[in-house]
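Chains A and B, in that order, give the protein sequences.
Sequential numbering from 151 applies to the first sequence in the working numbering.
Sequential numbering from 151 applies to the second sequence in the working numbering.
In this text, a Cβ means the ideal position worked out from N, Cα and C, and glycines have one as well.
First the structure, in the form of structure tokens, and then the observations on it.
There are 2 protein chains.
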Amino acid sequence: MAKDTKPRRPRAETPKGFRDYFGADVTERKAMLDRIAAVYDRYGFDPLETSAVETLDALGKYLPDVDRPNAGVFGWQEEDGDWLALRYDLTAPLARVAAQYRNELPTPYRRYAMGPVWRNEKPGPGRFRQFYQCDADTVGAASVAADAEICAMLADALEEVGIPRGDYIVRVNNRKVLNGVMEVAGILDPADPEKHEHERGIVLRAIDKLDRLGEDGIRELLGEGRKDDSGDFTQGAKLSNAQAEVVMRFVSAKRSVKDNFARWAGRVDKNSTAKFLIAADATDRQFQQVLGKDFTEWPEYGLWNDAVVEYLGDLVTGSKTGQDGVAELLEVGSQLAAQGYGPDRIVIDPSVVRGLGYYTGPVYEAELTFEILDEKGRPRQFGSVAGGGRYDGLVERFTGQKVPATGVSIGVDRLLAALRAKGRAGQSLQGPVIVTVMDRDRMADYQTMVGELRAAGVRAEVYLGNPKNFGNQLKYADKRNSPIAVIQGGDEAARGVVQIKDLVLGARIAESASLEEWKSQPAQFEAPRAELVAQVKRLLAQNGD
Amino acid sequence: MAKDTKPRRPRAETPKGFRDYFGADVTERKAMLDRIAAVYDRYGFDPLETSAVETLDALGKYLPDVDRPNAGVFGWQEEDGDWLALRYDLTAPLARVAAQYRNELPTPYRRYAMGPVWRNEKPGPGRFRQFYQCDADTVGAASVAADAEICAMLADALEEVGIPRGDYIVRVNNRKVLNGVMEVAGILDPADPEKHEHERGIVLRAIDKLDRLGEDGIRELLGEGRKDDSGDFTQGAKLSNAQAEVVMRFVSAKRSVKDNFARWAGRVDKNSTAKFLIAADATDRQFQQVLGKDFTEWPEYGLWNDAVVEYLGDLVTGSKTGQDGVAELLEVGSQLAAQGYGPDRIVIDPSVVRGLGYYTGPVYEAELTFEILDEKGRPRQFGSVAGGGRYDGLVERFTGQKVPATGVSIGVDRLLAALRAKGRAGQSLQGPVIVTVMDRDRMADYQTMVGELRAAGVRAEVYLGNPKNFGNQLKYADKRNSPIAVIQGGDEAARGVVQIKDLVLGARIAESASLEEWKSQPAQFEAPRAELVAQVKRLLAQNGD
Numbered sequence: 151m152a153k154d155t156k157p158r159r160p161r162a163e164t165p166k167g168f169r170d171y172f173g174a175d176v177t178e179r180k181a182m183l184d185r186i187a188a189v190y191d192r193y194g195f196d197p198l199e200t201s202a203v204e205t206l207d208a209l210g211k212y213l214p215d216v217d218r219p220n221a222g223v224f225g226w227q228e229e230d231g232d233w234l235a236l237r238y239d240l241t242a243p244l245a246r247v248a249a250q251y252r253n254e255l256p257t258p259y260r261r262y263a264m265g266p267v268w269r270n271e272k273p274g275p276g277r278f279r280q281f282y283q284c285d286a287d288t289v290g291a292a293s294v295a296a297d298a299e300i301c302a303m304l305a306d307a308l309e310e311v312g313i314p315r316g317d318y319i320v321r322v323n324n325r326k327v328l329n330g331v332m333e334v335a336g337i338l339d340p341a342d343p344e345k346h347e348h349e350r351g352i353v354l355r356a357i358d359k360l361d362r363l364g365e366d367g368i369r370e371l372l373g374e375g376r377k378d379d380s381g382d383f384t385q386g387a388k389l390s391n392a393q394a395e396v397v398m399r400f401v402s403a404k405r406s407v408k409d410n411f412a413r414w415a416g417r418v419d420k421n422s423t424a425k426f427l428i429a430a431d432a433t434d435r436q437f438q439q440v441l442g443k444d445f446t447e448w449p450e451y452g453l454w455n456d457a458v459v460e461y462l463g464d465l466v467t468g469s470k471t472g473q474d475g476v477a478e479l480l481e482v483g484s485q486l487a488a489q490g491y492g493p494d495r496i497v498i499d500p501s502v503v504r505g506l507g508y509y510t511g512p513v514y515e516a517e518l519t520f521e522i523l524d525e526k527g528r529p530r531q532f533g534s535v536a537g538g539g540r541y542d543g544l545v546e547r548f549t550g551q552k553v554p555a556t557g558v559s560i561g562v563d564r565l566l567a568a569l570r571a572k573g574r575a576g577q578s579l580q581g582p583v584i585v586t587v588m589d590r591d592r593m594a595d596y597q598t599m600v601g602e603l604r605a606a607g608v609r610a611e612v613y614l615g616n617p618k619n620f621g622n623q624l625k626y627a628d629k630r631n632s633p634i635a636v637i638q639g640g641d642e643a644a645r646g647v648v649q650i651k652d653l654v655l656g657a658r659i660a661e662s663a664s665l666e667e668w669k670s671q672p673a674q675f676e677a678p679r680a681e682l683v684a685q686v687k688r689l690l691a692q693n694g695d
Numbered sequence: 151m152a153k154d155t156k157p158r159r160p161r162a163e164t165p166k167g168f169r170d171y172f173g174a175d176v177t178e179r180k181a182m183l184d185r186i187a188a189v190y191d192r193y194g195f196d197p198l199e200t201s202a203v204e205t206l207d208a209l210g211k212y213l214p215d216v217d218r219p220n221a222g223v224f225g226w227q228e229e230d231g232d233w234l235a236l237r238y239d240l241t242a243p244l245a246r247v248a249a250q251y252r253n254e255l256p257t258p259y260r261r262y263a264m265g266p267v268w269r270n271e272k273p274g275p276g277r278f279r280q281f282y283q284c285d286a287d288t289v290g291a292a293s294v295a296a297d298a299e300i301c302a303m304l305a306d307a308l309e310e311v312g313i314p315r316g317d318y319i320v321r322v323n324n325r326k327v328l329n330g331v332m333e334v335a336g337i338l339d340p341a342d343p344e345k346h347e348h349e350r351g352i353v354l355r356a357i358d359k360l361d362r363l364g365e366d367g368i369r370e371l372l373g374e375g376r377k378d379d380s381g382d383f384t385q386g387a388k389l390s391n392a393q394a395e396v397v398m399r400f401v402s403a404k405r406s407v408k409d410n411f412a413r414w415a416g417r418v419d420k421n422s423t424a425k426f427l428i429a430a431d432a433t434d435r436q437f438q439q440v441l442g443k444d445f446t447e448w449p450e451y452g453l454w455n456d457a458v459v460e461y462l463g464d465l466v467t468g469s470k471t472g473q474d475g476v477a478e479l480l481e482v483g484s485q486l487a488a489q490g491y492g493p494d495r496i497v498i499d500p501s502v503v504r505g506l507g508y509y510t511g512p513v514y515e516a517e518l519t520f521e522i523l524d525e526k527g528r529p530r531q532f533g534s535v536a537g538g539g540r541y542d543g544l545v546e547r548f549t550g551q552k553v554p555a556t557g558v559s560i561g562v563d564r565l566l567a568a569l570r571a572k573g574r575a576g577q578s579l580q581g582p583v584i585v586t587v588m589d590r591d592r593m594a595d596y597q598t599m600v601g602e603l604r605a606a607g608v609r610a611e612v613y614l615g616n617p618k619n620f621g622n623q624l625k626y627a628d629k630r631n632s633p634i635a636v637i638q639g640g641d642e643a644a645r646g647v648v649q650i651k652d653l654v655l656g657a658r659i660a661e662s663a664s665l666e667e668w669k670s671q672p673a674q675f676e677a678p679r680a681e682l683v684a685q686v687k688r689l690l691a692q693n694g695d
């Protein structure tokens with residue numbers, strides 16, 4: 151009970167898995183989102199901003215990590231017993247809104263949404279518990295025209311933010327094709343859709359990891375199971391060899407079509423065969439370059455898409471769902487082609503399945519195909535930055551009535567990282583002009599200077615730290631990345647002048663250290679007080695060149 | 151265990167106290183925040199975006215509603231035992247950041263932040279549990295120049311978003327003056343600052359409610375306590391009559407100075423007395439108009455501010471803290487005056503105390519002085535939209551070292567409501583041009599049309615609902631607030647034309663129902679397909695006039 155017992159000090163720490171964004175990290179993300187929003191707006195999508203908090207009930211159990219259906223969200227219980235939680239994506243809140251406002255909203259309802267989402271996952275390197283998403287969805291449109299539109303808009307958005315054509319590819323598939331494959335393999339019975347749900351979940355998640363596990367890894371997961379490098383064992387779907395074989399033909403679809411592509415192409419144009427002799431191990435990017443060329447040279451479109459659709463059509467023979475999926479794929483492809491979105495931008499790709507359980511039709515994702523260096527300095531493709539698909543059952547959870555819906559989610563942090571990798575973002579903020587304080591009593595004079603500068607649109611501030619040590623003021627200007635410092639002591643004030651210090655030039659001189667330059671271009675000069683604004687603007691314009 | 155047991159459907163509801171924002175509600179807030187950010191940027195403030203989640207520890211117990219120190223936040227316990235919570239303001243996270251990154255950040259550190267905050271309060275009419283704030287703070291500047299700068303910036307920001315000069319007033323006071331009053335009243339002992347803390351809290355919160363309780367209500371709370379209209383009793387501070395008298399002289403300061411203002415003014419300029427004969431019951435707005443005039447006519451500034459400072463100086467005689475506060479007030483006022491911010495924009499006002507316990511020096515708030523009608527149709531002043539002050543102790547919680555800081559928080563929703571009340575916001579979104587679907591098989595043609603329109607910068611979309619009923623398509627266009635519908639059936643396609651329907655004119659005609667207008671200005675006309683974009687742009691430009 152001693153009076154001088156010190157209270158424990160709280161620790162100044164961002165909670166584990168969370169981040170703080172400073173300066174340009176904020177403005178660059180904002181600039182990117184503004185550009186994306188402009189594209190969404192042009193396509194007729196309206197903004198929607200739901201609350202960050204939802205009832206746990208409304209969120210449902212649709213987290214990507216379905217292995218832990220009850221975990222994954224940050225939730226708490228209210229005094230009245232209700233459970234609330236932070237949204238983990240922007241799709242679940244949209245489904246809630248579409249149900250709640252179904253009588254007021256237009257049908258179809260096109261909306262976009264941007265904002266943070268939260269995942270209660272174990273934080274790890276590059277794995278954060280709060281991150282931005284940027285979604286666009288169309289609710290109430292059953293036609294695949296809505297899916298095609300989202301794919302085209304996604305391609306436009308990527309180009310708008312600065313990913314040039316050829317550096318990205320939007321890949322489209324259809325979940326009904328996969329369901330058809332499941333039917334043919336005997337693990338999906340249209341008359342009893344809940345049967346084999348567990349097995350199908352394992353198969354879906356296995357296929358989604360093709361990149362990481364390879365075909366052999368998937369084959370293990372279709373059978374008894376798979377032990378990973380760490381020794382952990384994942385239970386398999388325990389399919390028979392014949393069943394697994396059907397699924398594996400789907401898994402290897404892309405590779406197989408690549409292998410056969412020369413033959414397909416040759417059938418369409420006898421003289422073009424050589425152009426399509428793509429090695430089976432060609433990267434997606436090499437492949438895409440040929441597809442782009444192909445599309446330009448044969449405007450009748452579709453060599454690759456035709457080949458894929460024919461392969462898949464064979465695979466799902468006997469399944470109505472599968473055939474519907476193939477027909478939808480063809481329709482999406484031909485609508486996009488008619489609008490000029492060829493396979494150099496949007497391509498049918500049977501390797502896309504998307505891990506989420508709720509997709510019911512077309513699924514799509516955007517991949518950036520340029521290479522970056524991984525942690526070990528090896529080149530690798532940048533990878534996926536957006537994904538989505540059709541989910542006709544999410545609104546039904548609330549209303550009991552099927553409402554068709556389709557949409558895409560852009561991983562904002564990943565896309566921004568891509569822009570930085572391409573040198574299209576990552577600059578630091580332009581610092582303010584600093585008016586230094588030589589004479590504390592004349593603070594009002596210095597404030598008047600910055601007032602004039604701001605009125606002329608110049609970012610400017612008075613140094614507000616302790617002005618005693620002038621060196622600290624210049625160090626501050628340096629830390630702020632300031633282009634110019636303005637100095638006026640009592641002597642200058644009496645003579646009606648100011649000193650203007652060009653910090654950009656000063657830094658350059660300090661680097662080169664050539665005496666000649668010092669003499670010809672002084673980094674500091676005197677100007678009449680009345681010319682302060684004009685001289686600063688002149689210098690800023692000059693340094694901006 | 152019957153197979154057909156239906157799962158319970160979740161309810162499609164925004165959680166109580168939360169809101170969804172649609173369309174223009176999102177874009178208008180964004181436009182307003184962008185304008186404010188531009189002002190903050192010009193003043194040299196850098197953006198900061200902290201995570202929505204903080205450790206409960208870091209947040210501390212600084213909620214405005216100090217009567218319930220442990221409630222007020224949405225928090226939950228992590229598996230590792232730590233407590234996390236959603237931020238309830240943007241100041242507590244800044245204090246954490248200033249401590250955490252103190253070696254990397256510049257000193258002073260000027261930052262702005264915008265985003266939602268969460269309060270776990272009982273929801274009620276107009277009381278929400280998630281709302282936006284927009285803050286600007288300077289950390290590490292002890293000088294009142296930092297406070298003056300924030301006040302000037304706040305005035306600039308209000309004008310930038312569309313609140314004209316004369317419709318707002320930034321009011322400044324200083325917490326040290328109040329502390330001086332507390333010393334004189336004998337409920338604050340500089341040698342033992344924790345003594346009487348409870349009483350001071352009651353006094354502070356009582357004074358902050360002057361508008362609502364009136365002077366009589368405050369007097370009750372300074373004594374035994376007060377029973378409100380509902381019969382609830384609030385404990386009073388139990389001051390003696392003499393003590394309460396000192397506090398009441400502070401409470402009535404503004405009214406008293408208003409009463410005496412003619413005399414003060416007369417002292418300065420014998421001829422001006424008549425101009426200052428302001429009735430004691432003059433509204434702030436009437437009063438402000440005279441102050442504004444006064445300031446323009448007497449550029450030597452300060453009649454009102456001088457009068458207030460003299461009154462307060464008398465009140466805190468004998469208290470060093472109080473005298474410091476008065477000196478700071480004078481300094482803030484004269485710095486602002488030197489920059490041209492007279493009492494028509496920023497005024498010293500002893501009635502400002504701000505409810506938060508952590509303020510240590512200047513406190514300020516922005517009030518909108520124009521009148522709106524309340525729920526009962528009576529005119530009332532719009533009221534406060536922003537507030538802040540100096541809090542030199544918040545960073546110290548983490549580091550043990552005093553770090554001076556000052557800043558303002560704008561209530562974003564209130565300010566947006568004000569803009570709407572002034573007719574400067576509240577429009578609905580411009581709807582897209584709708585290309586209708588007459589022939590489902592020619593979807594690609596319609597998509598090509600919207601593609602061309604978008605490429606020309608026109609917001610446009612294809613109708614993606616079921617196209618069977620053409621009336622539904624026009625109803626949709628109406629609901630979307632579309633300016634134009636484009637129609638092309640098989641006949642028009644064969645002839646290479648489109649029908650362009652001017653929905654704005656159509657609506658006007660439908661309203662006026664004059665046959666003459668119908669004839670002279672057809673709301674629908676035919677145009678060659680090749681001229682689609684040009685005709686739509688012409689019509690949009692025409693309707694925009």
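CA-to-CA distance, residue j to residue i, given in whole angstroms
i: B/Ala673; j: B/Leu689; result: 11 Å
i: B/Ala249; j: A/Leu372; result: 53 Å
i: B/Glu546; j: A/Ala627; result: 26 Å
i: A/Gly330; j: A/Gly543; result: 18 Å
i: A/Asp379; j: A/Lys359; result: 15 Å
i: A/Lys166; j: A/Pro275; result: 11 Å
i: A/Gly538; j: A/Ile498; result: 14 Å
i: B/Phe281; j: A/Thr200; result: 12 Å
i: A/Val401; j: A/Arg321; result: 15 Å
Close-in-space but distant-in-sequence residues of the same chain around residue i (CB under 7 Å, 5 per side omitted)
i: B/Leu308; result: Tyr318 and Ala516
i: A/Val294; result: Glu478, Glu481, Val482 and Pro512
i: B/Ala677; result: Val647, Val648, Ile650 and Gln685
i: A/Ala174; result: Gln577, Ser578 and Leu579
Proximal chain B residues relative to residue i, where beta-carbon distance stays under 9 Å
i: A/Pro165; result: Ser201, Val203, Glu204, Thr205, Ala208, Glu228, Asp232 and Leu234
Residue(s) in a DSSP beta bridge with residue i
i: B/Ser534; result: B/Glu517
i: A/Gly265; result: A/Gln283
i: B/Gln485; result: Partner(s): none; B/Gln485 has no beta bridge.
Chain-order list of residues whose beta-carbon lies under 8 Å from that of residue i (same chain, five-residue window excluded)
i: B/Asp636; result: Correcting the residue type first, residue 636 of chain B is Val in the shown sequence and not Asp. Excluding residues within five positions, the ones whose Cβ falls inside 8 Å are Val583, Ile584, Val585, Thr586, Met599, Val648, Gln649, Ile650, Lys651, Leu682 and Val686.
i: B/Asn693; result: Pro633, Asp652, Val654 and Leu655
Neighbourhood of residue i by C-beta, 6 Å cutoff - its chain only, sequence neighbours within 5 removed
i: B/Arg179; result: Leu566
i: A/Arg159; result: none
Contact set between residue i and chain B, taken where Cβ atoms lie within less than 8 Å
i: A/Met593; result: Ser293, Ala295 and Gln485
Beta-carbon neighbours of residue i, restricted to chain B and to distances below 7 Å
i: A/Pro103; result: This structure gives no information on residue 103 of chain A, because the portion of chain A shown stretches from 151 to 695.
Report the start-end ranges of each beta strand (DSSP E) in the region 576-617 of chain A that is 3 residues or longer and not cut off at the edges.
Every unbroken stretch of the beta strand (DSSP E) spanning 3 or more residues and falling wholly within the region 576-617 of chain A is given here in chain order: 583-585 and 610-612.
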